[in-house]
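According to UniProt numbering, the sequence shown is numbered sequentially starting from 1. Worksheet for the structure shown next.
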Amino acid sequence: MSEELQSELRMASFSGRLDFALLVFVVYEYIITLDREISAVWCRKRTITSILLLCVRWLMLVVPLMGALPGGTRVCAFVVTFGTVALTVTSILTTLVQSLRVYALLKGSRMAYVASTATFLLVSGLMIDNLGGLAHTVFTDTEVPTLGPVCTPSRRESLTTLKMYGYLAVISSLLSNVIVLTVTWMRSFTLFFEARRLDVIHSITGVLIRDGSLYFSFILLLNILTFLTLSTTGASKGGIVNTFAIILPPVLVQRFMLNLRQFGQANTPTGTTEWHSSRFSVSFRVPSDILGNIGEPLDHSQGIHDGVEDENSDEGSSANDDEGATIQASSSSAVV
Numbered sequence: 001m002s003e004e005l006q007s008e009l010r011m012a013s014f015s016g017r018l019d020f021a022l023l024v025f026v027v028y029e030y031i032i033t034l035d036r037e038i039s040a041v042w043c044r045k046r047t048i049t050s051i052l053l054l055c056v057r058w059l060m061l062v063v064p065l066m067g068a069l070p071g072g073t074r075v076c077a078f079v080v081t082f083g084t085v086a087l088t089v090t091s092i093l094t095t096l097v098q099s100l101r102v103y104a105l106l107k108g109s110r111m112a113y114v115a116s117t118a119t120f121l122l123v124s125g126l127m128i129d130n131l132g133g134l135a136h137t138v139f140t141d142t143e144v145p146t147l148g149p150v151c152t153p154s155r156r157e158s159l160t161t162l163k164m165y166g167y168l169a170v171i172s173s174l175l176s177n178v179i180v181l182t183v184t185w186m187r188s189f190t191l192f193f194e195a196r197r198l199d200v201i202h203s204i205t206g207v208l209i210r211d212g213s214l215y216f217s218f219i220l221l222l223n224i225l226t227f228l229t230l231s232t233t234g235a236s237k238g239g240i241v242n243t244f245a246i247i248l249p250p251v252l253v254q255r256f257m258l259n260l261r262q263f264g265q266a267n268t269p270t271g272t273t274e275w276h277s278s279r280f281s282v283s284f285r286v287p288s289d290i291l292g293n294i295g296e297p298l299d300h301s302q303g304i305h306d307g308v309e310d311e312n313s314d315e316g317s318s319a320n321d322d323e324g325a326t327i328q329a330s331s332s333s334a335v336v
């Protein structure tokens, strides 16, 4: 057996183990959050956000499952075709979530429709790469010692063309995430400085934790790593880094949406926590039964309201109500 063939077999074996490990990870993620899905979606009125959440969660299982299936001759064409279509639909839905998030944060601004539309249209780069590549894919049988005939999918394009498609897909994802993060940070810092002006909040960390920046920043990091892999190696698809860039974004997006939904479940909370949550979330919420809670902040244990609650624990309830009303009016008037 030649050294080149041995290297390819080792890489194929490692890739297979990685695909299976990611499948186990995604199934585990789905199981531990199933109760939250039931509480957030099935027990509440349907909205665009809840429907998107279901679709993203189901598709995040399909894509790694297709990658982990054995690549025998009989199933190879089906696995590659179905997996590529599922991946494309997943990319469209996750980009739609980002687009709706941008629209929700800019609602009332003249840039709302422009920024959200631009975010969504950038998914076309991924569609061209995935569906265009599928149309030029051929399936051949390769005789491998000890394994027998193995179906090998390959694209009938030059390496330069493949890398061009790869750059198009990665740059589109990069720009989409840059728009989401830019709009999110603009909104967050507007709220932060408005709160500082009223001497209510002193930590920017709490704002960034609650606005979803961590999720979108990690997706952006994956895209940057894929881009660097394309630039520094001869790989046409970003290698192993691309595998993570395919599997992890829908996992992060659905977790982001679950956190939004978890925040929206508390309809009539009581006590000091309710007051802090309401006054700091007013700038994010979108009063729309159709969109759902896509514009709300996240609900984390170390959010803004925790730090502020400690600072103001000695204040009377009447003073809290008065200050809360003042901040709600001021935050509502803030423009990005």
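Every residue, glycine too, gets a C-beta built ideally from N, C-alpha and C.
| Item | Value |
| --- | --- |
| Ile51 versus Thr94, Phe14 and Leu23, residue with shortest Cα-Cα distance | Thr94 |
| C-alpha gap between Ile294 and Val207, whole angstroms | 17 Å |
| Where the alpha helix (DSSP H) containing Gly184 begins and where it ends | The question names Gly, but residue 184 is Thr in the sequence shown. Thr184 -> alpha helix (DSSP H) spans Leu159 to Arg197. |
| Outcome for Ala135 when other beta-carbon atoms lying within 10 angstroms are tallied against a minimum of 16 | exposed |
| Inter-residue spacing [alpha-carbon to alpha-carbon] between Ser154 and Tyr165 | 15 Å |
| Test item: CB-CB of Phe139 and Cys76 under 8 Å | yes |
| 7 Å Cβ shell around Leu96 - same chain, five flanking residues per side excluded | Leu52 and Phe120 |
| Inter-residue Cα distance where the pair is Gln98 and Val62 | 21 Å |
| Inter-residue spacing [alpha-carbon to alpha-carbon] between Gln254 and Val241 | 21 Å |
| Buried or exposed (CB count within 10 angstroms, at least 16 for buried), Leu106 | buried |
| Cβ shell of Arg57 (< 7 Å), same chain only, five flanking positions each side left out | Tyr30, Glu37 and Gln254 |
| Span separating the alpha-carbon of Tyr103 from that of Ala86 | 26 Å |
| Alpha-carbon spacing of Ile128 relative to Thr182, whole angstroms | 26 Å |
| Cα-Cα separation between Leu198 and Phe192, rounded to whole angstroms | 10 Å |
| Under the three-state DSSP convention, the category Thr95 falls into | helix |
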